[in-house]
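Colleague: The opening position of the sequence shown corresponds to residue 381 in our numbering, with each subsequent residue numbered one higher.
Glycine included, every Cβ here is placed at the ideal spot set by N, Cα and C.
If you're wondering where the values come from, they're calculated on a predicted model, not measured in any experiment.
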Amino acid sequence: MPGKILVTGGTGFIGSHTCVVLLENDYDVLIVDNLSNSNVEVVDKIAQITGKTPHFTKLDLCDEKSLTDFFTDNPGIDGVIHFAAYKAVGESSEFPLKYYHNNLLGMINLLKTMDQAGCDKMVFSSSCTVYGQPDVLPVTEDAPLKKAFSPYGNTKKICEDILQDQVGSTALKGIALRYFNPIGAHESALIGELPLGIPNNLVPYLTQTAIGKRESLKVFGNDYNTHDGTGIRDYIHVMDLARAHLDAINRLISKKYKEEYEIFNLGTGTGYSVLDIILTFEKVNGVKVNYEFVDRRPGDIEKVWADPSKANSELGWKAESGLEDMLRSAWKWEKSLLK
Ligand code: WQD
């Protein structure tokens with residue numbers, strides 16, 4: 381069945397891991413990326429891991445002409461996995477128009493040029509952030525969506541709506557994957573999370589603190605209504621997440637979908653607190669992490685974890701890695717950056 385898959389944002393954290401899994405499953409992979417938050421060396425790393433080199437084009441999805449030319453120059457694309465977007469929650473509140481312009485126009489141009497090229501399958505990278513603070517946990521796909529806590533989260537919600545409406549009015553079939561918190565790295569430590577500047581997310585900040593790049597990890601709030609007062613999230617290994625994208629694109633290509641537009645939560649179903657993460661990290665890696673409790677971060681929710689049963693049963697997908705493996709791989713990746 382394999383075919384030709386376009387991966388937008390394919391040199392990014394989740395995109396690069398997904399390219400590895402696609403190539404290992406005999407898909408041809410074409411990457412487009414504007415390299416605004418990743419570097420082109422990732423293409424060679426993907427080739428080193430898989431023994432196959434993805435086709436790479438530096439391209440900005442906001443440039444409709446170059447996107448149209450891309451589809452003309454690369455006919456026969458069977459499906460698209462769309463990652464390319466800005467994703468820093470805090471930055472999105474500082475520069476909302478930058479996020480709305482990039483994330484929404486990129487999606488619109490991509491869907492438009494796909495339609496013109498007769499490419500009718502998209503897997504979309506969405507996020508649990510669309511749920512806000514759920515009233516009921518674990519959270520299922522039919523939970524009511526709340527006003528997004530950030531422009532970033534709002535662009536994910538709006539892009540889901542754009543995808544659903546385009547499915548409703550064309551031959552397009554779409555799957556939205558709502559990620560929980562992706563962490564860790566490929567076992568080779570050749571690819572991983574490479575935040576430019578000061579990491580927004582917990583685990584890269586934690587590993588940079590452990591290796592000495594950062595003074596101390598600030599724990600944003602220890603007065604939440606949780607077992608130890610710190611925020612709870614559903615952390616998932618990035619390789620488990622990557623495998624879900626293979627299952628989703630296979631579902632579309634083999635026409636196994638039940639609806640033309642489907643949504644799946646991608647989480648483990650288990651929540652861990654910030655302190656759980658820190659203490660587990662120290663235990664499995666035998667390193668000390670300096671940390672201090674500070675005020676809550678504006679916009680943070682208190683606790684969220686997934687009910688992944690729909691993805692388990694419909695996609696035949698289940699997260700396999702436990703927290704210790706995730707944190708071991710994150711540390712191995714951080715240490716590889718020293719070389
Ligand atoms: C996790 C926990 C923080 C940093 C966001 C987006 C989501 C996805 C992942 C993009 C929280 C605490 C964090 C730190 C801390 N998007 N924390 N000190 O906010 O759950 O999710 O990033 O990839 O769509 O919403 O992830 O890693 O920032 O925070 O205490 O320095 O760690 O308060 O409880 P978040 P996160």
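1) Comparing C-alpha positions only, which one of Asn580, Leu695, Asn581 sits nearest to Ser634?
2) Can you name, in chain order, every residue of its own chain whose Cβ lies under 6 Å from the Cβ of Thr493, other than the five neighbours on each side?
3) The ligand WQD and Arg558: does any heavy atom of the ligand fall closer than 7 Å to the residue's C-beta?
4) Assuming Ala628 and Leu557 form a contact by the criterion Cβ under 8 Å, report the distance between their Cβ atoms to the nearest whole angstrom.
5) So, are the CB atoms of Gly554 and Met487 less than 8 Å apart?
6) By a C-beta neighbour count over all protein chains shown, 10 Å radius and 16 as the cutoff for buried, is Pro524 buried or exposed?
7) Mind listing, in chain order, the continuous alpha helix (DSSP H) runs of no fewer than 4 residues lying wholly within the region 549 to 594?
8) Could you check what DSSP says for Arg613 in three-state terms: helix, strand or coil?
9) I believe Leu570 touches Ile657 by the beta-carbon criterion, under 8 Å. Please report the beta-carbon distance rounded to the nearest angstrom.
10) Would you say Lys715 and Ile591 are within 8 Å of each other, going by their C-beta atoms?
11) By the 10 Å Cβ neighbour count, where 16 or more other Cβ atoms means buried, how is Gly702 classified, buried or exposed?
12) Between the alpha carbons of Thr520 and Asp687, how many angstroms are there, rounded?
13) Please name the residue in Leu477, Gln544, Lys593, Val401 whose C-alpha comes closest to that of Gly431.
14) List the endpoints of the continuous alpha helix (DSSP H) containing Gly486.
15) Between which residues of its own chain and Ser596 is the CB-CB distance below 8 Å, once the five residues before and five after are set aside?
16) Quick check: Glu567 and Asp620, are their CB atoms within less than 8 Å of each other?
17) I want to check one thing, is the minimum distance from the CB of Thr509 to the heavy atoms of the ligand WQD below 7 Å?
18) Just grab the DSSP bridge partners of Phe721 for me.
19) Starting from the C-beta of Asn483, find all residues in its chain whose C-beta is less than 7 Å away, skip the five residues before and the five after it, and write them out in chain order.
20) Expressed to the nearest angstrom, what Euclidean distance is found between the alpha-carbon atoms of Pro476 and Thr648?
21) Span of the alpha helix (DSSP H) holding Met619?
22) Cα separation between Gly459 and Glu444?
23) Helix, strand or coil for Lys384, going by three-state DSSP, please let me know.
24) Is Val469 near the ligand WQD, with its Cβ less than 7 Å from a heavy atom?
25) With DSSP as the reference, identify every bridge partner of Phe436, one or two as the case may be.
26) Is any non-hydrogen atom of the ligand WQD found closer than 7 Å to the C-beta of Pro600, if you look at the structure I gave you?
27) Please confirm whether any heavy atom of the ligand WQD lies closer than 7 Å to the CB of Arg631.
Modeller: So, to answer that:
1) Mapped onto the sequence shown, residue 634 falls at position 254. Per the Cα distances, Leu695.
2) For the purposes of this step, residue 493 is identified with residue 113 of the sequence shown, where counting begins at 1. These residues qualify, in order along the chain: Leu447, Thr448, Phe451.
3) For the purposes of this step, residue 558 is identified with residue 178 of the sequence shown, where counting begins at 1. No.
4) The count along the sequence shown starts at 1 and reaches residue 628 at position 248. The count along the sequence shown starts at 1 and reaches residue 557 at position 177. Contact holds; Cβ gap of about 6 Å.
5) In the sequence shown, residue 554 corresponds to position 174, counting from 1. In the sequence shown, residue 487 corresponds to position 107, counting from 1. No.
6) Counting from one through the sequence shown, the residue named residue 524 turns up at place 144. Pro524 is exposed by the Cβ-count criterion.
7) 582 to 590
8) Reading the sequence shown from its first residue, position 233 is the one you call residue 613. Strand at Arg613.
9) Position 190 of the sequence shown, counted from the first residue, corresponds to residue 570. Position 277 of the sequence shown, counted from the first residue, corresponds to residue 657. About 24 Å; that fails the 8 Å criterion.
10) What you label residue 715 is simply residue 335 of the sequence shown in a count that begins at 1. What you label residue 591 is simply residue 211 of the sequence shown in a count that begins at 1. A contact, by the Cβ cut-off of 8 Å.
11) Position 322 of the sequence shown, counted from the first residue, corresponds to residue 702. By the neighbour-count rule (16 or more Cβ atoms within 10 Å), Gly702 is not buried but exposed.
12) As a first step, residue 520 is located in the sequence shown; it is residue number 140 there, counting from the start. As a first step, residue 687 is located in the sequence shown; it is residue number 307 there, counting from the start. In a straight line, the C-alpha of Thr520 is about 5 Å away from that of Asp687.
13) Residue mapping note: residue 431 aligns to position 51 of the sequence shown, counting from 1. Closest by alpha carbon: Val401.
14) Position 106 of the sequence shown holds residue 486. First-last of the alpha helix (DSSP H) with Gly486: 485 to 497.
15) Sequence index remark: in the sequence shown, residue 596 carries index 216 (1-based). Same-chain partners within the cutoff: Thr589, Asn670, Tyr671, Glu672.
16) Along the sequence shown, read from residue 1 onward, the residue named residue 567 stands at position 187. Along the sequence shown, read from residue 1 onward, the residue named residue 620 stands at position 240. Cβ distance not < 8 Å, so Glu567 and Asp620 don't count as in contact.
17) The residue you call residue 509 lines up with position 129 of the sequence shown. Yes, the ligand WQD has a heavy atom inside 7 Å of this Cβ.
18) In the structure as shown, the chain begins at 381 and stops at 719. Residue 721 is therefore absent and cannot be evaluated.
19) The count along the sequence shown starts at 1 and reaches residue 483 at position 103. Answer for Asn483: Ala465, Tyr466, Thr535, Cys539, listed in chain order.
20) Residue 476 sits at position 96 when you count from the first residue of the sequence shown. Residue 648 sits at position 268 when you count from the first residue of the sequence shown. Cα to Cα, the separation comes out at about 31 Å.
21) One-based indexing of the sequence shown puts residue 619 at position 239. Segment 618 to 633, the alpha helix (DSSP H) holding Met619.
22) Translated into positions along the sequence shown, residue 459 becomes position 79. Translated into positions along the sequence shown, residue 444 becomes position 64. Distance between the alpha carbons of Gly459 and Glu444 is about 18 Å.
23) The residue you call residue 384 lines up with position 4 of the sequence shown. If DSSP states are grouped into helix, strand and coil, Lys384 belongs with the strands.
24) In the sequence shown, counting from the first residue as 1, residue 469 sits at position 89. It does: the Cβ of Val469 is within 7 Å (strictly closer) of some heavy atom of the ligand WQD.
25) On the sequence shown, position 56 is the one that residue 436 refers to. Ile411, per the DSSP bridge assignment.
26) Within the sequence shown, residue 600 is the residue found at index 220, counting from 1. Residue identity check: residue 600 is Phe in the sequence provided, not Pro. At least one heavy atom of the ligand WQD is nearer than 7 Å to the Cβ of Phe600, so yes.
27) Counting from 1 along the sequence shown, the entry for residue 631 is found at position 251. Not under cutoff, so the answer is no.
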